[in-house]
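First up is the structure itself, then whatever we jot down about it.
In structure tokens:
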């Protein structure tokens, strides 16, 4: 049997004590800790993504605000449009969002101005700009609340 001789370097026992003290220092005696600041969490609100009807109505109203509102003309020579012309410009095509936005706008016009209106152009031509705008805004709010 062979014996292996090892030669370890002698250690300083205080060295280990000092190393452990640095790794795990003793708490300060009787020093009151400062109160921790309350954690502030950033509140993130849900992002509203308008549905296709709300977007079409909103885009059409922006179009009216930008290019102007007209009576008795789908497209006025100066670029203004009536309500149905603005809907067509906003939708791009006569798709489902265009039809649903038109139906909602006409329904809101009937709520505010009577059931006699059978089409957007006749209602549009019979009212003032502020009246028409009020119907647009209410229709947009309804689309928003219905999430459509």
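Numbering (this note's numbering), first residue to last: 299 to 446.
All residues carry an ideal CB built from backbone N, CA and C; glycine is no exception.
Given the structure is predicted, the values throughout are model-derived calculations rather than measurements.
> Across which residues does DSSP place residue 379 in a beta bridge pair?
Replying inline: Residue 379 sits at position 81 when you count from the first residue of the chain shown. Paired residue(s): 367, 373.
> Do the CB positions of residue 434 and residue 355 come within less than 8 Å of each other?
Replying inline: Position 136 of the chain shown holds residue 434. Position 57 of the chain shown holds residue 355. The answer is yes: Cβ separation under 8 Å.
>> Ignoring anything shorter than 4 residues, give me the alpha helix (DSSP H) runs that lie fully in the stretch 397-430, in order along the chain.
In response: 418-423
> If we cut at 8 Å on Cβ distances, does residue 417 have a partner in chain C?
Replying inline: The structure shown has no chain C; it contains just one protein chain.
> Which residues in the same chain as residue 432 place their Cβ atom closer than 8 Å to its Cβ, once the five residues preceding and following it in sequence are excluded?
Replying inline: Translated into the one-based positions of the chain shown, residue 432 becomes position 134. Closer than 8 Å at Cβ, skipping near neighbours: 410.
>> Judging by CA-CA distance, which residue of 316, 375, 393, 379 is the nearest neighbour of residue 362?
In response: In the chain shown, residue 362 corresponds to position 64, counting from 1. With distances taken between Cα atoms, residue 362 lies closest to 379.
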